[in-house]
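Number of protein chains: 2
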Amino acid sequence: MVSQTETGGTSKISFPTAGNNRGMLILGIILRIAAIVSTIASAVYMTMSDEQLQLFTQVSIFSVEYEDFSTLRYFVVINSIVSAYFAFSIPLAMIHIARSTAKQSRAVLIIMDMVTLGVLTSAASAATAIMFLAHNGNSSANWNAICNQYTGFCNKASASLIGSFVAIVILMFLISMSTVALARM
Amino acid sequence: MVSQTETGGTSKISFPTAGNNRGMLILGIILRIAAIVSTIASAVYMTMSDEQLQLFTQVSIFSVEYEDFSTLRYFVVINSIVSAYFAFSIPLAMIHIARSTAKQSRAVLIIMDMVTLGVLTSAASAATAIMFLAHNGNSSANWNAICNQYTGFCNKASASLIGSFVAIVILMFLISMSTVALARM
Chain A
216 MVSQTETGGT
226 SKISFPTAGN
236 NRGMLILGII
246 LRIAAIVSTI
256 ASAVYMTMSD
266 EQLQLFTQVS
276 IFSVEYEDFS
286 TLRYFVVINS
296 IVSAYFAFSI
306 PLAMIHIARS
316 TAKQSRAVLI
326 IMDMVTLGVL
336 TSAASAATAI
346 MFLAHNGNSS
356 ANWNAICNQY
366 TGFCNKASAS
376 LIGSFVAIVI
386 LMFLISMSTV
396 ALARM
Chain B
216 MVSQTETGGT
226 SKISFPTAGN
236 NRGMLILGII
246 LRIAAIVSTI
256 ASAVYMTMSD
266 EQLQLFTQVS
276 IFSVEYEDFS
286 TLRYFVVINS
296 IVSAYFAFSI
306 PLAMIHIARS
316 TAKQSRAVLI
326 IMDMVTLGVL
336 TSAASAATAI
346 MFLAHNGNSS
356 ANWNAICNQY
366 TGFCNKASAS
376 LIGSFVAIVI
386 LMFLISMSTV
396 ALARM
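Chains as they are written, first to last, in this note's numbering: chain A, 216 to 400; chain B, 216 to 400.
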């Protein structure tokens, strides 16, 4: 890790905002690591959400798991890919600590983060729509609230959404931070 | 409209990339207008998707409209707000034609576009998840494919998603364009 003590006001001519930028860049890398953890947690927790019911009634469904819903499968796949992307983006973000004037690679990172934001948001909100339906059902479409029966599945699957939304907030913050840094250069 | 003939190579010292930038900025404004049309079309077409069935069977549901699904209601509201945002963002984008060195307001525009991208993607993909379910149903949850009965509703509601996805692609392109322009300054 780069020492924070180097970034004082002594080298103001060559790096006008180096001190401020370096702190922000290190914060950015910490946030990327947090986003890796969030998205992996989302993917893993969703895959652990299967539930089997031992009912003595005439209900014909007895087990439910995330793989039954293509939207939740999409959620798991996208969270896995996004966590890999965050891991891959850390070296690129580290370049900016060493070379604080690398405008082009900053722009590339903003664009890649933006695409990731779009993809992750699509997965998270599609899964949210399905879990909302599982909780509330829909009377017009005759879709029952399956969470009345599959409480365990619903709780785990709903909780796994949190990791994705944390990563979305982190991404929005990272993009804003990089954009402001780019505008100041 | 600003004349394109002013932006030749004659004033290269004061505006190094003015000609190139001005063309891109005008393209950006045209794309914003296209995005207004797309999102309004999405919102209006979704609200026109209600369908009543005259069935002589024992099926207990006879009418369905977008208002029965909170996700589709969210979709209409967000598309309306986003179209208003695009209209509001055009004056801000026009500033950059007059003052091509306005870095701060470019950064603000990128951040606002990014937040809009997140919100619009969430609405579009949640609505897509619901329409996917309406088309395909889900056997594990005992949710029937209502599109077998409500063909008209499903076709209209699914078609209205297109406008949102067009606006999402436009937003991604606008953010990339602004970021590259900012990196070149």
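No residue lacks a Cβ here, since even glycine has one placed at the ideal position from N, Cα and C.
This structure is a prediction, so every number in the text was calculated from the model and none was measured.
The contact set of Ile345 (chain A) on chain B, defined by CB atoms closer than 8 Å, consists of Ala344 and Leu348 in chain order. In the three-state DSSP reduction, Asn359 (chain A) falls in the coil class, being neither helix nor strand.
Leu335 (chain B) sits buried, since 16 or more C-beta atoms from the chains shown fall within 10 Å of its C-beta. In the DSSP annotation of this structure, Thr316 (chain A) is not part of any alpha helix (DSSP H), being labelled neither H nor E.
By the beta-carbon neighbour count (other beta carbons within 10 angstroms, threshold 16), Leu287 (chain A) is buried. In this structure, B:Thr366 is the residue among B:Thr366, B:Gly352, B:Val330 and B:Leu240 with its C-alpha nearest to the C-alpha of Gln267 (chain B).
Between Asn353 (chain B) and Phe284 (chain A), the gap from beta carbon to beta carbon is short of 8 Å. Per the Cβ contact rule, the stretch 306-315 of chain A is not in contact with the stretch 363-379 of chain A (fewer than 3 Cβ pairs under 8 Å). In this structure, Leu332 (chain A) sits near Leu386 (chain A), with a CB-CB distance shorter than 8 Å.
At the C-beta level, Ala302 (chain B) and Ile251 (chain B) come within 8 Å of one another.
Close CB contacts of Ser304 (chain B) within its chain, under the 8 Å cut and outside five residues either way in sequence, are with Arg247, Leu324, Met327 and Asp328 (chain order).
Between Glu282 (chain A) and the set A:Tyr300, A:Asn294, A:Met263 and A:Ile296, the nearest pair of CA atoms involves A:Met263. If you ignore the 5 residues before and after Ile345 (chain B), its C-beta comes within less than 7 Å of the C-beta of Phe284, Thr286 and Leu287, all in its own chain and listed in chain order. Within chain A, the C-beta atoms nearer than 7 Å to that of Gly333 (chain B) come from Leu332, Thr336, Ile383 and Met387, in chain order.
Only those residues of the stretch 355-379 of chain A whose C-beta falls short of 7 Å from the nearest C-beta of chain B are listed: Ser355, Ala356, Asn357, Trp358, Asn359 and Ile361. When A:Arg321, A:Ile255 and A:Val291 are compared, the shortest CA-CA separation from Thr394 (chain A) is found for A:Arg321. Setting aside the 5 residues that flank it on each side, Ile255 (chain B) is surrounded in the same chain by Ser298, each with a C-beta closer than 6 Å to its C-beta; the list follows chain order.
Residues of chain B with a Cβ closer than 7 Å to the Cβ of Asn353 (chain A) are, in chain order, Asp283 and Phe284. Secondary structure at Glu266 (chain A): strand, using DSSP grouped into helix, strand and coil.
Beta-bridge pairing by DSSP links Val292 (chain A) to no other residue. Annotated as proximal: Ser340 (chain B) and Ala341 (chain A), with beta-carbon spacing under 8 Å. Not flagged as an interface residue toward chain A: Leu268 (chain B), since no C-beta distance is shorter than 8 Å.
Ranked by Cα distance from Met261 (chain B), the first of B:Asn370, B:Ile296 and B:Leu389 is B:Asn370. Interface criterion not met: the Cβ of Arg314 (chain A) is under 8 Å from no Cβ in chain B. Look at Ser354 (chain B) here: in three-state DSSP terms it is coil, with no helix or strand label.
Interface with chain A (8 Å Cβ-Cβ cutoff): Ile325 (chain B) is included. When 8 Å is used as the limit between beta carbons, Arg321 (chain A) is near these residues of chain B: Ala398, in chain order. The distance from the Cβ of Ala382 (chain A) to that of Met239 (chain A) is about 19 Å, inconsistent with a contact at the 8 Å cut-off. Closest in alpha carbon position to Ile390 (chain B), among B:Ala313, B:Phe290 and B:Val330, is B:Val330.
The criterion of a C-beta distance shorter than 8 Å is satisfied by Asn359 (chain B) and Asn357 (chain A).
Under a criterion of Cβ atoms nearer than 7 Å, the residues of chain B adjacent to Val395 (chain A) are, in order, Ala322.
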